[in-house]
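In the numbering used here, the protein residues as written are 67 to 122.
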């Protein structure tokens, strides 16, 4: 996900869901760097999200 910041840059975040029903959890990670385009922000978020998922 991306969001336009007040400074004109773009913030990146990723949501990872696991489990089912009452055992489900959602982890949302918001990243500190500001990006010049939404494409760059999405690329960063997806790369970081996959890396996290592979480690856990």
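Glycine residues also receive a C-beta, built at the ideal position from the N, C-alpha and C atoms. The structure presented is a predicted model; accordingly, all values stated were derived computationally and were not measured.
| task | Determine the DSSP secondary structure at residue 103, reduced to helix, strand or coil. | result | One-based indexing of the chain shown puts residue 103 at position 37. Residue 103: coil per DSSP, three-state reduction.
| said: Checking 8 Å against the spacing of the C-beta atoms, do residue 101 and residue 75 come in under that value? | reply: Taking the first residue of the chain shown as 1, we reach residue 101 at position 35. Taking the first residue of the chain shown as 1, we reach residue 75 at position 9. Their beta carbons are under 8 Å apart, which means residue 101 touches residue 75 by this criterion.
| The beta strand (DSSP E) with residue 68 in it runs from where to where? | Taking the first residue of the chain shown as position 1, residue 68 is located at position 2. 68–70 is the span of the beta strand (DSSP E), which, as asked, contains residue 68.
| request: Give the single residue among 84, 87, 115, 73 whose Cα lies nearest to the Cα of residue 67. | output: The residue you call residue 67 lines up with position 1 of the chain shown. Distance from the Cα of residue 67 is smallest, within the candidate group 84, 87, 115, 73, for 115.
| message | Here's a check: name, in chain order, each residue in its chain whose Cβ is nearer than 6 Å to the Cβ of residue 77, leaving out the five neighbours to either side. | response | Along the chain shown, read from residue 1 onward, the residue named residue 77 stands at position 11. Around residue 77: 69, 71.
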